[in-house]
Structure formats: structure tokens, C-alpha cells
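*Asks:* Structure in C-alpha cells, see below.
In the working numbering, the protein residues as written are 745 to 893.
This is how it looks when you write it as C-alpha cells:
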């Protein structure tokens, strides 16, 4: 991806985010739950793959994606008015699954951390005073070599 295509992608992302938030009146799209994550534009600037994130169930995501795809022509017209390009890119809306995978990975890491903490606490409670008591006992035996433990 060239620098120009990145700049155009960022500009499209910003404009589409504003349009979804302020100018879209489709009841199938909840602007509070829908966000444009990133936009990938090839070097020819003729197409744009728009990655969106929708907080909600799979059904809500599907309905929102369908509504955005249906309104793609309207979005292109609004883009044409706000961005000066020779050709306005054709928009292709795609759900961003990377965000969901990241959240799932964090949940798994938190679960593992809790299990490790619980295991360490159980080991410490089951062993009693083993690490500290043994160290204190060794120190006492070194101080008084005549006494037997």
C-alpha cells in the first residue's frame, strides 16, 4: 500500500464514520454500535474495502452489514461531494473479525491468569508454611549446630 492510498483510505474512513454517525437514517444501522475500523484502498484508487465493527450479536452484525452494502451508492455520492478524486472508489463493506479475535484472546489470557493464581494460592495453602518454615529451620540449625531439628 502506497502512502497516497493510505492517506485516501484514512480520509474515506473519517468521512464514512461521520456519515454513519450523522447522516444515515436507516433503522437497521445503530450508529452507536457501528464504527469504521479501517479502509484498504489499492494503488489504482478504484475500489475501497471498508472494514466495520458492529457491537452486537451475529444477527445484528449481518443486518447492519446488509444495510451498509445497500447504501453503498449513497455513501459513494456523499464521498464524491466531500473528497476530490478523479474517480470515487467503489465501496465494499466487510465485517472486521480481527477486533473480535483480539477480545477473545484477551479473555482467554485473563482466564489462564486466574487459573494460575488459583493454583498458586491452593499450593501455598496446601503446603502450609513450607518455604518459609524450611528456611527458618535451616537458619536455626546453622546457628545451633549441636541441636537436632
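Glycine included, C-beta positions come from ideal geometry on N, C-alpha and C.
1. Per the DSSP calculation, residue 836 is bridged to which residue(s)?
2. Going by beta-carbon coordinates alone, are residue 765 and residue 827 separated by less than 7 Å?
3. Would you grab the beta carbon distance between residue 903 and residue 820 for me? Rounded to a whole angstrom, and I think it's under 8 Å.
4. Please say whether residue 785 and residue 822 have beta carbons closer to each other than 7 Å?
5. Can you tell me which of the three DSSP states residue 749 falls into?
6. What are the boundary residues of the beta strand (DSSP E) that includes residue 781?
7. What residues are listed by DSSP as bridge partners for residue 807?
8. Quick one: Cα of residue 793 to Cα of residue 830, how far?
*Replies:* According to the data block:
1. Here residue 836 is taken as the residue at index 92 of the chain shown, counted from 1. Its beta-bridge partners are 793.
2. Taking the first residue of the chain shown as position 1, residue 765 is located at position 21. Taking the first residue of the chain shown as position 1, residue 827 is located at position 83. In this structure, residue 827 does not lie closer than 7 Å to residue 765 by Cβ.
3. Residue 903 lies beyond the stretch modelled for the chain, which goes from 745 to 893, so this question has no answer here.
4. Position 78 of the chain shown, counted from the start, is the residue given in the question as residue 822. Position 41 of the chain shown, counted from the start, is the residue given in the question as residue 785. No, the pair does not count as a contact, with Cβ atoms beyond the cut-off.
5. To locate residue 749, count along the chain shown from 1; it is residue 5. If DSSP states are grouped into helix, strand and coil, residue 749 belongs with the helices.
6. The count along the chain shown starts at 1 and reaches residue 781 at position 37. Annotation: the continuous beta strand (DSSP E) that includes residue 781 extends over 778-784.
7. Here the question's residue 807 lines up with position 63 in the chain shown. None; residue 807 has no bridge partner.
8. Counting from one through the chain shown, the residue named residue 793 turns up at place 49. Counting from one through the chain shown, the residue named residue 830 turns up at place 86. Cα to Cα, the separation comes out at about 18 Å.
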